[in-house]
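Going by the numbering used here, 17 is the number at position 14 of the sequence shown; the sequence numbering is gapless.
Every residue gets a Cβ at the ideal spot worked out from N, C-alpha and C, and that includes glycine.
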Amino acid sequence: MFKALIARLKQGHRTTPWPDGPAPELPERFAGRPRLDASRCRDGCAACAAVCPTGALSGGALDLGRCLFCRACVEACPERAVEFTREPAMAARRREDLVVRGGAYRLAEALEAESRRVFGRSLKLRQVSAGGCNACESDLNVLGTIGWDLGRFGVQFVASPRHADGLLVTGPVTANMREALLKTWAAVPSPKLVIAAGACAISGGPYRGRPEAHDGCGQLLPVDLFIPGCPPHPLTTLDGILRLLGRLG
Ligand code: SF4
Ligand code: SF4
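As structure tokens, then:
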């Protein structure tokens with residue numbers, strides 16, 4: 004017992020100081036918000052669009068709602084017109100705001116005052132895994148570890164939709180999950196929120212256009228927050244939720 008206490012004291016405080024302090028160091032392979040430099044594009048080249056597995060690139064714009072962050076477009080572009088920065092903040096309130104043109108981007112705004120009063124200090128979410136590959140769910144689980152400690156912001160995942168203030172949906176919503184998702188949504192008391200996390204939940208991701216799946220949950224539910232990624236990094240998810248709740252500038 005004494006040894007365990009000493010070990011805990013030596014470990015110290017492991018939770019990231021972010022957002023009041025610096026963010027944790029991101030791995031070298033991390034791909035953040037992209038930037039497009041249209042001035043470098045050669046007319047009609049479209050080498051980037053040709054290799055994109057989800058059709059995220061067209062007309063000099065990159066749709067983060069479809070992007071898998073595979074960076075095949077970066078490799079394909081002979082002029083280096085596409086670049087992925089190290090910026091983790093990417094969540095947006097409106098689907099159209101996920102389209103990157105140049106370096107401009109509109110990050111998620113906070114809920115209106117009454118919703119902030121209701122959800123701002125305590126937000127309980129029911130997670131619905133609607134047919135994805137499980138990587139999105141794995142990185143959501145990370146938010147519950149001591150490194151991130153999501154609960155310190157009053158945000159928590161709960162088992163029952165009746166105890167929830169909203170849904171956090173991952174996966175493209177397969178045909179088999181459609182009814183379960185709609186029933187879960189119906190069981191959440193109003194007022195309630197929907198968060199779509201990951202390319203699948205936003206647009207269908209790699210399953211887009213398949214008859215066995217819907218192209219994301221936006222076809223069935225009113226989405227309040229879109230969190231891009233495949234999967235979204237925990238910092239991107241936390242940043243988006245805190246922006247929604249008006250807890251970040
Ligand atoms: S990084 Fe995104 S935009 Fe680029 S090829 Fe991959 S999916 Fe398409
Ligand atoms: S967005 Fe990517 S990581 Fe998340 S479920 Fe879909 S394929 Fe998997």
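1. Please give the ranges of any alpha helix (DSSP H) in the stretch 161-230, keeping only runs that are unbroken, at least 4 residues long and fully inside the region.
2. Using the rule of at least 16 other Cβ atoms within 10 Å of the residue's Cβ for burial, across every protein chain shown, is Lys195 buried or exposed?
3. Any beta carbon from chain D within less than 9 Å of Cys70's own beta carbon?
4. Among all the DSSP beta bridges, which residues are the ones paired with Arg38?
5. Whose beta carbon lies closer than 6 Å to any heavy atom of ligand 2, going through the chain in order?
6. Sorted by chain position, which residues of the same chain lie with C-beta nearer than 6 Å to Gln130's C-beta, five sequence neighbours on each side aside?
7. Rounded to the nearest angstrom, what separates Ala202 and Pro231 at their Cα positions?
8. Quick check: Pro214 and Ala178, are their CB atoms within less than 9 Å of each other?
9. Just to confirm before moving on: does the CB-CB distance between Arg250 and Leu223 stay below 9 Å?
10. Can you tell me whether His166 is buried or exposed, with buried defined as 16 or more other CB within 10 angstroms of its CB?
11. Under 6 Å Cβ to Cβ from Phe72, same chain only, skipping five residues before and after it: list those, please.
12. Give every residue whose Cβ lies closer than 6 Å to any heavy atom of ligand 1, listed in chain order.
13. Return the chain-ordered ranges of every beta strand (DSSP E) run that is complete within the stretch 27-80 and spans a minimum of 3 residues.
14. Thr239: buried (16+ other C-beta within 10 angstroms of its C-beta) or exposed?
15. Less than 9 Å separating the beta-carbons of Arg246 and Thr57?
16. Looking at the unbroken alpha helix (DSSP H) that takes in Ser132, where does it start and where does it end?
Quick look at the numbers:
1. The DSSP assignment places 178-190, 202-206 as complete runs of the alpha helix (DSSP H) inside the stretch 161-230, in order along the chain (cut-off: 4 residues).
2. That one is buried.
3. Looking for chain D here will not work: only one protein chain is present.
4. BP columns for Arg38 point to Glu86.
5. Checking every Cβ against the heavy atoms of ligand 2 under 6 Å gives Gly135, Cys136, Ala138, Cys139, Thr173, Gly174, Gly201, Ala202, Cys203, Gly208, Pro209, Cys233, Pro234.
6. Closer than 6 Å at Cβ, skipping near neighbours: Phe160, Leu171.
7. Taking the straight line from one Cα to the other gives about 6 Å.
8. Remark: C-beta atoms of Pro214 and Ala178 approach each other more closely than 9 Å.
9. Between Arg250 and Leu223, the CB-CB gap reaches or exceeds 9 Å.
10. Per the 10 Å Cβ criterion, exposed.
11. Within the same chain, Ala34, Cys233 come within 6 Å of Phe72 by CB-CB distance, once the 5 residues on both sides are set aside.
12. Applying a distance threshold of 6 Å between residue Cβ atoms and the heavy atoms of ligand 1 selects Val54, Cys55, Pro56, Thr57, Ala59, Leu60, Leu65, Cys70, Leu71, Phe72, Cys73, Arg74, Ala75, Cys76, given in chain order.
13. Secondary structure remark: continuous beta strand (DSSP E) runs of at least 3 residues inside the stretch 27-80, in chain order: 37-39, 64-66.
14. By the Cβ neighbour-count rule, Thr239 is buried, with 16 or more other Cβ atoms within 10 Å of its own.
15. For the pair Arg246 and Thr57, the CB atoms are not nearer than the 9 Å cut-off.
16. No alpha helix (DSSP H) holds Ser132; the beta strand (DSSP E) holding it covers 126-132.
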